[in-house]
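Numbering (the numbering used here), first residue to last: -12 to 103. Yeah, the Cβ is synthetic: ideal placement off N, Cα and C, and Gly gets one too. This report concerns only the one structure given below.
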DNA sequence: CATCTGACCTAGT
DNA sequence: AACTAGGCCAGAT
């Protein structure tokens, strides 16, 4: 069979991730697993983080600071530039962050599966 | 070419 | 309820 066995609805993973993250409204946050699942790759949550790491400097800019882990912790803050800490950007949009953790994570959680 | 790590998640104990 | 271990996919060394 010469036909492409993988008929995945997924185009380029990075591009899809950027699109979803860009769709996150201000004052809201989402999780890597939610984005990955939205793309049909619930097990690719790790890839999402790696892709977001690459999202620095891309156009249009991707609000990677709106993406946190399942627990609402800013695990990616360590990879953020010191000039733009993740917690500061979130608070600037209305998200309350305490000790690197999002307060009322469920309240500010934005599900791409439901909203997108 | 083989091995390890990584912005994670799920499941088992 | 909390902790540990394994799985997942891809890039880097």
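Residue 88 and residue 0 have their C-alpha atoms roughly 27 Å apart. The C-alpha of residue 18 is placed about 13 Å away from the C-alpha of residue 30. Here residue 66 is exposed: its Cβ has fewer than 16 other Cβ atoms, across all protein chains shown, within 10 Å. Of the candidates 56, 74 and 103, the residue whose Cα lies closest to the Cα of residue 14 is 74. For the pair residue 40 and residue 20, the CB atoms are not nearer than the 9 Å cut-off. Boundaries of the alpha helix (DSSP H) around residue 9: 0 to 9.
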